[in-house]
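Structure first, commentary second.
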Amino acid sequence: MSSFIDAISTQAFMQNAIIGGVLASVACGVVGSYVVVKRIGYLAGGIAHSVLGGMGIAYYLGRPPIEGALVAALVFAVILGWVSLKMQQQEDTVIGALWAGGMAVGILFISQTPGYSVDLMSFLFGNILMISSDDLLWIAGLDILILLIVFLFYKQFLALSFDEEFARLRGIPVERFYLLFLSLVALTVVILIQIVGLILVIALLTLPAAVSGQYVRSLNLMMLLATVLGVFFTTGGLALSYQPDLPPGPTIILVAGAFYLVSLVITRFWKRA
Amino acid sequence: MSTDSVIKIKDLDFSYGGPKILENIEIDIQHNEFIGMVGPNGSGKTTLLKIIMGVLTPDKGSVKVLGNPPSQSVQEIGYMPQFASFSRDFPISVEETVLMGRLGKTSSIGFFNKADKRASEKAMNDVEILDLRKRVIGSLSGGQLQRVLIARALTCEPQIMILDEPTANVDMKVEKDIFDLLKQLNERITIIVVTHDIGFISQYIDRVACINRTLICHPTSELTGETIENMYGAHMHMVHHHHEDEKK
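Protein chains in written order, with my numbering: chain A, 10 to 282; chain B, 192 to 439.
Structure, rendered in structure tokens:
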């Protein structure tokens with residue numbers, strides 16, 4: 010542990026990793042809470058995985074993968090949102106198809122890129138230790154955008170996630186706000202891919218909020234606690250992985266997962282007692 | 192006196208693309224009336240309410256709410272749904288739930304403002320749940336939750352309230368409390384309430400609108416076992432009963 014603290018004070022990459030974890034936790038605390046209360050984890054998973062298509066194409070074209078990820082995430086958010094609004098009968102099948110199709114496109118483009126040397130693993134599982142100062146600026150910018158939109162439309166998002174039917178009767182353009190909300194999920198997914206990679210995004214998006222939701226009595230507090238937990242999980246996972254040189258992404262997820270399970274058992278026991 | 196007409200429907204037909212769900216509907220609801228709406232399941236009650244609130248558009252006929260097309264007047268209607276269309280384990284307080292009724296009346300960006308808070312306090316006070324304001328909705332009893340839903344419908348300071356079976360999930364005592372409350376509100380608000388329990392509510396309402404594809408209105412005094420039987424299309428027993436707890 011002391012070597013981890015040494016690394017933070019001396020190594021720039023470690024400082025970037027810690028800051029990246031904190032910044033990502035803001036987005037995942039806020040947006041993840043909506044995802045959990047609205048119960049659209051599967052839809053968010055679809056957005057996260059199909060993003061590989063955009064990253065693969067960007068890589069093939071010689072662009073930074075994050076640009077491809079951003080475009081693909083927003084495009085898939087709108088498509089998947091439209092599907093869930095209009096095709097409720099086959100929603101899960103269509104999401105599954107887009108999920109896998111997006112990933113397949115990404116892998117094909119990556120395989121066709123001349124000098125195929127990209128570390129596919131870092132797309133899939135991320136590498137928080139590779140976060141550059143530029144990445145941090147991207148993540149901070151997306152955080153600000155997400156918070157701004159959530160502050161501006163706080164009431165509509167609350168109404169939409171709490172009681173969609175009532176919101177519609179009060180004249181809220183529910184469909185438009187649903188698509189805007191899924192776009193926020195897309196932005197968050199792009200941020201989290203930098204931290205844990207796209208396979209593990211959904212865990213980091215939902216676990217802090219799910220733990221938080223077991224203890225708090227309002228959505229605002231849920232977001233706040235989820236953000237704090239996110240910082241705790243990312244920093245904790247990073248610290249645990251440092252000494253034995255484990256990949257940090259999966260370690261972070263296991264810390265979050267273990268915490269969630271323990272919390273679940275405790276709250277169950279507590280409520281019964 | 193037609194200026195006092197709050198809801199005016201003329202010659203209205205509606206279908207979901209197939210057979211007519213509603214046919215030849217005519218009704219003229221006056222200011223401060225208390226209307227009971229009855230009819231069997233699938234008779235078109237909820238459909239008619241949705242038309243009045245501008246969610247559905249009729250195939251034919253005219254609907255005027257407060258003199259305007261429904262979509263322009265929906266902000267003046269407080270609505271209480273039959274089933275709470277939200278999850279009881281959502282982390283939200285009574286106060287926040289009630290504030291949700293301000294949507295459409297308050298500014299479209301930012302948080303709820305002072306005027307919203309005042310309106311919600313007044314609504315919670317009217318339905319006697321001000322002391323529950325900080326509680327999470329998951330911890331409420333069925334009767335308390337019904338009051339929260341009424342308060343949510345009230346916070347938009349509506350001229351009309353529409354309640355879809357407000358007492359379907361509560362016991363007789365709570366049902367009486369809720370209708371006593373509605374009767375008070377009726378001094379300033381026009382009320383339409385969908386119900387199955389017509390025998391019970393006849394002491395509260397002015398007119399009964401019986402819907403079964405078509406609509407027939409009866410003044411409460413005309414209600415007999417026969418009219419109720421015709422309405423439901425089946426033989427029914429009328430049971431007269433008195434409640435011992437009426438003295439309190």
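For each residue, glycine too, the CB sits at the ideal point set by N, CA and C.
Supposed contact pair residue j and residue i - C-beta distance, whole angstroms, cut 8 angstroms
i      : j      : result
A/G295 : A/L201 : Lying before the first or after the last residue shown, residue 295 of chain A is absent from chain A, which here runs from 10 to 282.
B/K325 : B/E286 : 7 angstroms
A/L247 : A/I27  : 7 angstroms
A/F166 : A/F190 : 6 angstroms
B/V318 : B/I328 : Contact flag wrong, Cβ pair sits at about 14 angstroms.
A/L32  : A/I148 : 5 angstroms
A/E174 : B/P272 : 7 angstroms
is_contact[residue i, chain B] using C-beta, thresh 8 angstroms
i      : result
A/A176 : yes
A/K164 : yes
A/G180 : yes
A/V205 : no
A/F171 : yes
A/M23  : no
A/M231 : yes
A/V3   : Lying before the first or after the last residue shown, residue 3 of chain A is absent from chain A, which here runs from 10 to 282.
A/G65  : no
A/G38  : no
A/G50  : no
A/A168 : yes
A/V46  : yes
A/G222 : yes
A/L283 : As shown, chain A starts at 10 and ends at 282. That puts residue 283 of chain A outside it, with no answer to give.
A/L161 : yes
Short CB-CB distance (under 8 angstroms) between residue i and chain A
i      : result
B/S284 : yes
B/M363 : no
B/P210 : no
B/G333 : no
B/G301 : yes
B/S315 : The identity of residue 315 of chain B in the sequence shown is Met, whereas the question assumes Ser. Judged by the 8 angstroms Cβ criterion, B/M315 is not in contact with chain A.
B/Q266 : yes
B/Y207 : no
B/V327 : yes
B/S253 : no
B/M352 : no
B/L294 : yes
B/P272 : yes
B/M291 : yes
B/E348 : no
B/E287 : yes
B/V246 : yes
B/F225 : no
Test item: CB-CB of residue i and residue j under 8 angstroms
i      : j      : result
A/A235 : A/G63  : no
A/V220 : A/A57  : no
A/E184 : A/L52  : no
B/V254 : B/I200 : yes
A/R179 : B/G334 : no
B/G301 : A/Y163 : yes
A/G111 : A/I204 : no
A/L213 : A/A267 : no
B/E217 : B/T381 : no
B/H409 : B/R398 : yes
Neighbourhood of residue i by C-beta distance below 7 angstroms, restricted to the same chain and skipping five residues each side
i      : result
B/S206 : I212 and D250
A/S11  : none
A/Q121 : Y69
A/V45  : T215, A218, A219 and G222
A/L188 : V87 and G90
B/F370 : I392 and Y395
B/H431 : In this predicted model, B/H431 has a pLDDT of only 49, less than 50, meaning its place in the structure is not dependable; the value taken from the coordinates is given anyway. Contacts found: none.
Close Cβ partners of residue i (< 6 angstroms) along its chain, the five nearest in sequence each way excluded
i      : result
B/S234 : I402 and N403
B/S264 : V256 and L257
A/A81  : V60, G62 and G63
A/F85  : I56 and S59
A/I153 : none
Own chain partners of residue i with C-beta closer than 8 angstroms, once the 5 adjacent residues on each side are dropped
i      : result
A/L156 : V35 and V39
A/S142 : N25
A/D144 : N25, G29, I75 and Q203
A/G245 : I261 and V264
Min CB distance residue i to chain E below 8 angstroms
i      : result
B/F281 : No chain E appears in the structure shown, which is made up of the protein chains A and B.
Residue i CB to nearest heavy atom of the ligand NAP below 7 angstroms
i      : result
B/K374 : Ligands displayed in this structure: none; no statement on the ligand NAP is therefore possible.
Would the segment 293–308 of chain B count as touching the segment 186–196 of chain A if we require 3 or more Cβ pairs under 8 angstroms? no
Taking contact to mean 3 or more Cβ pairs, one atom from each stretch, closer than 8 angstroms, check whether the segment 13–24 of chain A and the segment 226–242 of chain A are in contact. no
Quick test of the definition: if touching needs 3 or more C-beta pairs under 8 angstroms, does the segment 227–236 of chain B touch the segment 384–402 of chain B? Touching, per the Cβ criterion.
Meets three-Cβ-pair contact criterion under 8 angstroms: the segment 271–290 of chain B and the segment 211–229 of chain A: yes
Answer yes if the segment 370–381 of chain B comes into contact with the segment 352–360 of chain B, meaning at least three C-beta pairs across the two stretches below 8 angstroms, and no otherwise. yes
Is the segment 250–270 of chain A touching the segment 309–319 of chain B, taking contact as three or more C-beta pairs under 8 angstroms? The segment 250–270 of chain A vs the segment 309–319 of chain B: no contact.
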